[in-house]
Amino acid sequence: MTLTVRQFPCLSDNYGFLVRDDASGKVACIDTPDAEAIKAELAKAGWSLDVILNTHWHPDHAGGNEALKAATGCTVVGPAEVSRIAAPDRVIAHGDHVMLGETRFEVIDTGGHTLGHVTFFDEKDQIAFVGDTLFALGCGRLFEGDAQQMWASLQRIADLPGDTTVYCAHEYTASNARFALSVDDSAPLKARADDIFAARQRNEPTVPTTIALENATNPFLRAPLLRPDIADPAEAFGAVRAAKDAFKG
Ligand code: ZN
Ligand code: FE
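In this text, residue positions in the sequence shown follow our numbering: the first is 120, and each later residue adds one.
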């Protein structure tokens, strides 16, 4: 392992992530939900911040950019839409890569929750930061994109190696599990839901997850199987997403 990840809770249900390339000591912050919490975590780790990597423009992901930049002198790297908060120093898009010391992050287009949402994938360490696109047993709401775009984005994530560790930006898993159980009664899902409810009882995080676990149990990735009545996979996904939006559980 050449990338060290520190995960910590921020705001009501976000996770903050600090990552260090161990070879160079370079440190990145994935999204900036809460500048004060991130500064406290940097101090705890004894790390200094070199760069912010934004997945999308939402305030609970880019709202701390300016304060952290002022406090640390770091640079900001993100998709063009982050200019809605403040212009990034470097704008990135699908197919680009970002180096953190010797660690290389591939930039993958995962638009749908917002139009310009991106995922950062470190292939060597098999680690992905997926922001608000994929959650443990869930996926992001379609605030800007449509079901076609989000399904294509989710497929790009689902196609990553099964062992990939997936860092999602929110702890929504218990409520996602309640919805998942309402549309899917598979044994792997039931077993996982039991684990999730127990973990949350103990106040333990359910993030990170893995690609293999999500492919096996996430009702949004399994939408075509759960809705065999709908021929088009993206439409099947859209139907499951709409059911979640209406779910009162
Ligand atoms: Zn968001
Ligand atoms: Fe968010």
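Glycine included, C-beta positions come from ideal geometry on N, C-alpha and C. Note that the structure is a prediction, hence the values are computed from the model and not measured.
May I ask you to report which of helix, strand or coil DSSP gives residue i?
i: residue 180; result: helix
i: residue 91; result: Shown here, the chain extends from 120 to 368; a query on residue 91 therefore has no answer.
i: residue 310; result: helix
i: residue 136; result: strand
i: residue 239; result: strand
i: residue 302; result: helix
i: residue 379; result: The displayed coordinates of the chain run from 120 to 368. Any statement about residue 379 would go beyond what the structure contains.
i: residue 211; result: coil
i: residue 326; result: coil
i: residue 315; result: helix
i: residue 247; result: strand
i: residue 219; result: strand
i: residue 194; result: strand
i: residue 187; result: helix
i: residue 200; result: helix
i: residue 205; result: coil
i: residue 321; result: coil
i: residue 294; result: helix
Just to check, is the beta-carbon of residue i closer than 7 Å to a non-hydrogen atom of ligand 2?
i: residue 251; result: yes
i: residue 140; result: no
i: residue 162; result: no
i: residue 180; result: yes
i: residue 133; result: yes
Under the criterion of a Cβ to heavy atom distance below 7 Å, does residue i qualify as lining ligand 1?
i: residue 259; result: yes
i: residue 175; result: yes
i: residue 232; result: yes
Would you kindly check if the distance between the Cβ of residue j and the Cβ of residue i is under 8 Å?
i: residue 235; j: residue 178; result: no
i: residue 269; j: residue 231; result: yes
i: residue 288; j: residue 173; result: no
i: residue 312; j: residue 299; result: yes
i: residue 220; j: residue 153; result: no
i: residue 200; j: residue 225; result: no
i: residue 211; j: residue 283; result: no
i: residue 252; j: residue 273; result: yes
i: residue 238; j: residue 257; result: no
i: residue 303; j: residue 352; result: no
i: residue 130; j: residue 160; result: no
Considering just the uninterrupted stretch of the beta strand (DSSP E) at residue i, what are its terminal residues?
i: residue 128; result: 122-129
i: residue 346; result: Per DSSP, residue 346 belongs to no beta strand (DSSP E) and is neither H nor E.
i: residue 223; result: 222-228
i: residue 148; result: 146-149
i: residue 286; result: 284-287
i: residue 170; result: 170-172
Assuming residue i is part of the alpha helix (DSSP H), what are its boundary residues?
i: residue 359; result: 352-365
i: residue 162; result: 154-164
i: residue 271; result: 266-277
Assign residue i to buried or exposed, taking buried as 16 or more other Cβ atoms, counted over all protein chains shown, within 10 Å of its Cβ.
i: residue 361; result: exposed
i: residue 308; result: buried
i: residue 155; result: exposed
i: residue 333; result: buried
i: residue 344; result: exposed
i: residue 192; result: exposed
i: residue 364; result: exposed
i: residue 323; result: exposed
i: residue 346; result: buried
i: residue 216; result: exposed
i: residue 280; result: exposed
i: residue 262; result: exposed
i: residue 145; result: buried
Any chance the CB of residue i is under 7 Å from a heavy atom of ligand 4?
i: residue 289; result: In the structure shown, ligand 4 is absent; the only ligands present are ligand 1 and ligand 2.
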